[in-house]
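S.K.: This structure is in C-alpha cells; I'll ask about it shortly.
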Amino acid sequence: MTDASGQSFLVVGASGALGSRIARGLADAGATVSAHGRSDESLARLDLDGAHRLTGDLRQPALPQQLVDAATQRHGRLDGVVYAAGVVAFGPAARLDDDTLDDLTLLDFLAPVRLVRAALGVLGPGGVVAALTGVPAERPFPNMAAYGATKAALSSYLTAVRVESRRSKVRVLDLRPPHTETGLATRAIAGDPPSMPTGLEPDAVAARCVAAILGTDTEVASGDFG
Ligand SMILES: NC(=O)c1ccc[n+]([C@@H]2O[C@H](COP(=O)([O-])OP(=O)(O)OC[C@H]3O[C@@H](n4cnc5c(N)ncnc54)[C@H](OP(=O)(O)O)[C@@H]3O)[C@@H](O)[C@H]2O)c1
Numbered sequence: 002m003t004d005a006s007g008q009s010f011l012v013v014g015a016s017g018a019l020g021s022r023i024a025r026g027l028a029d030a031g032a033t034v035s036a037h038g039r040s041d042e043s044l045a046r047l048d049l050d051g052a053h054r055l056t057g058d059l060r061q062p063a064l065p066q067q068l069v070d071a072a073t074q075r076h077g078r079l080d081g082v083v084y085a086a087g088v089v090a091f092g093p094a095a096r097l098d099d100d101t102l103d104d105l106t107l108l109d110f111l112a113p114v115r116l117v118r119a120a121l122g123v124l125g126p127g128g129v130v131a132a133l134t135g136v137p138a139e140r141p142f143p144n145m146a147a148y149g150a151t152k153a154a155l156s157s158y159l160t161a162v163r164v165e166s167r168r169s170k171v172r173v174l175d176l177r178p179p180h181t182e183t184g185l186a187t188r189a190i191a192g193d194p195p196s197m198p199t200g201l202e203p204d205a206v207a208a209r210c211v212a213a214i215l216g217t218d219t220e221v222a223s224g225d226f227g
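In the numbering used here, the protein residues as written are 2 to 227.
This is the structure we're talking about:
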C-alpha cells in the first residue's frame, strides 16, 4: 500500500458505504482525514478513530467551500479532496418530479463542482481532487436518465478541469465504478430500482479508489474495477 503519512485528505460523503471505506483506506495508509457526513447520526456509523468530523447538507451552496476551509484549517494543508456523496433516482423520465430533479442536480453535479472549485483554491502541486461519477457517465441507462445525465455532466466537467489544472500540477481524478452492492439503490430518492445483476463488492471498489487517489491515475473507467 502507498504510504500517505503526512498527507491530509477531506472525504465528503464519508458516512456512505463507499466514502466510509475510502476514508478508512486513506487513514490506514497513514493520512489524516477530515470526514464529512450529512449529520452527526450518519457519521456515527463511520468507524474511524481520530478523524476530524464535519457535517452539513450538501444542497446548501456554501457547504463545499466551508468544508474545504475547515479541513485546511484543521490540518494546516490539504493534499486531497474526495467527493463520495450522492443520491440516485429511478423511473421513467416523464415521471421525475421537480424536487427529485433538483436533488439529483444539487448532489450529483453542483455540490461536487463547488467542491472541486474550492479544492483548486488550496491544493498545491501533487494534490488530487477526486469524484465518484460511475458507469452511467459512460453509458446511459433507461429509467435513470437524469441520474446518468448528472454523472455524465460531472465527468465532462472533470475532464475539462483536468486540462486546466496541468499547469498547477493538481491531478483531477474521475472514478467510474460499475454497480456496487452498497445499498444505494435501496435509498433511492424516487422510483424503484430495475433488476440489476449482482454488483461488485464495496471493499474491492473502495480499495481500487484509494489506490487511484494515492497513485497517479486521472480516471478509473468502469471496466477497470474488475
Ligand atoms: N453504489 C454504486 O453502485 C455506485 C456506483 C458508481 C458510483 N456510485 C457513486 O458513489 C457515490 C457513493 O455511493 P454509495 O453507494 O456509497 O452511496 P451511499 O452509501 O448512499 O452514500 C451516499 C453518501 O452521500 C451522502 N448524502 C446524501 N444526501 C446528502 C445530502 N443532502 N447532504 C449531505 N450528504 C448527503 C450520504 O450521507 P448520509 O450517510 O447522511 O445519508 C452518504 O454519505 C455516489 O455518488 C454514487 O452515485 C455508486
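C-beta: ideal position from N, C-alpha, C; glycine also.
Please name the residue in Leu64, Ala45, Ala131 whose C-alpha comes closest to that of proline 178.
M.R.: Along the sequence shown, one-based indexing puts residue 178 at 177. Minimum Cα distance to proline 178 is reached at Ala131.
S.K.: Whole angstroms is fine: what's the gap from leucine 176's alpha carbon to alanine 161's?
M.R.: In the sequence shown, counting from the first residue as 1, residue 176 sits at position 175. In the sequence shown, counting from the first residue as 1, residue 161 sits at position 160. Answer to the nearest angstrom: the Cα atoms are 15 Å apart.
S.K.: Let's see if you can read the secondary structure: which residues bound the alpha helix (DSSP H) around serine 9?
M.R.: One-based indexing of the sequence shown puts residue 9 at position 8. Careful: serine 9 lies outside any alpha helix (DSSP H), inside the beta strand (DSSP E) at 9 to 13.
S.K.: Could you tell me the boundaries of the beta strand (DSSP E) in which valine 88 lies?
M.R.: Within the sequence shown, numbered from 1, the residue matching residue 88 stands at position 87. Segment: none, valine 88 is in no beta strand (DSSP E) and carries neither H nor E.
S.K.: With H, G and I counted as helix, E and B as strand and the rest as coil, what does DSSP make of arginine 54?
M.R.: Sequence index remark: in the sequence shown, residue 54 carries index 53 (1-based). It is a strand residue.
S.K.: Looking at ligand 1, does it come within less than 8 Å of valine 117, judged from the CB to the closest heavy atom?
M.R.: Along the sequence shown, read from residue 1 onward, the residue named residue 117 stands at position 116. Valine 117 Cβ: outside cutoff for every heavy atom of ligand 1.
S.K.: Tell me the residue span of the beta strand (DSSP E) that contains alanine 24.
M.R.: The residue you call residue 24 lines up with position 23 of the sequence shown. Not the beta strand (DSSP E): alanine 24 falls in the alpha helix (DSSP H), residues 18 to 29.
S.K.: Since threonine 181 sits in a beta bridge, which residues does DSSP pair it with?
M.R.: Start at 1 with the first residue of the sequence shown, and residue 181 comes out as number 180. In DSSP, threonine 181 forms a bridge with Leu201.
S.K.: Do the segment 31 to 51 and the segment 7 to 19 meet, that is, are 3 or more Cβ pairs less than 8 Å apart?
M.R.: Counting Cβ pairs under 8 Å, three or more are found: they touch.
S.K.: Quick one: is the Cβ of valine 211 within less than 8 Å of any heavy atom of ligand 1?
M.R.: Taking the first residue of the sequence shown as position 1, residue 211 is located at position 210. No, Cβ of valine 211 sits at least 8 Å from all heavy atoms of ligand 1.
S.K.: Give the straight-line distance between the Cα atoms of valine 123 and serine 196, rounded to the nearest whole angstrom.
M.R.: Along the sequence shown, read from residue 1 onward, the residue named residue 123 stands at position 122. Along the sequence shown, read from residue 1 onward, the residue named residue 196 stands at position 195. Roughly 42 Å between the two C-alpha positions.
S.K.: Which same chain residues end up closer than 8 Å to leucine 68 when comparing Cβ atoms and leaving out the 5 residues on each side of it in sequence?
M.R.: Position 67 of the sequence shown holds residue 68. Within the same chain, leucine 68 has close Cβ partners Leu11, Val13, Ser35, His37, Leu55, Gly57, Leu116, Ala119.
S.K.: Just checking valine 82 against ligand 3 - is the residue's beta carbon closer than 8 Å to any of the ligand's heavy atoms?
M.R.: With respect to ligand 3, the structure offers nothing, as its ligand set consists of ligand 1.
S.K.: Can you list, in chain order, the stretches of the alpha helix (DSSP H) that have 4 or more residues and sit fully within the segment 67 to 155?
M.R.: Counting whole runs of 4 or more residues, the segment 67 to 155 contains the alpha helix (DSSP H) stretches 99 to 106, 112 to 121.
S.K.: Taking only heavy atoms of ligand 1 into account, decide whether any of them is closer than 8 Å to the Cβ of lysine 170.
M.R.: Start at 1 with the first residue of the sequence shown, and residue 170 comes out as number 169. No.
S.K.: For serine 196, verify whether its CB is less than 8 Å away from any heavy atom of ligand 1.
M.R.: For the purposes of this step, residue 196 is identified with residue 195 of the sequence shown, where counting begins at 1. Not so, every heavy atom of ligand 1 lies at least 8 Å from the Cβ.
S.K.: How about the segment 97 to 110 and the segment 130 to 149: do they share at least three Cβ pairs that are nearer than 8 Å?
M.R.: Because the criterion of three Cβ pairs below 8 Å is met, the segment 97 to 110 and the segment 130 to 149 touch.
S.K.: For glycine 135, collect the residues of the same chain with a Cβ closer than 7 Å to its Cβ; drop the 5 residues on either side in sequence, then sort them by chain order.
M.R.: Counted from its first residue, the sequence shown places residue 135 at position 134. Contacts found: Lys152, Arg177, Pro178.
S.K.: Which value, in whole angstroms, describes the spacing of the CA atoms of phenylalanine 226 and arginine 209?
M.R.: What you label residue 226 is simply residue 225 of the sequence shown in a count that begins at 1. What you label residue 209 is simply residue 208 of the sequence shown in a count that begins at 1. Roughly 7 Å separates the two Cα atoms.
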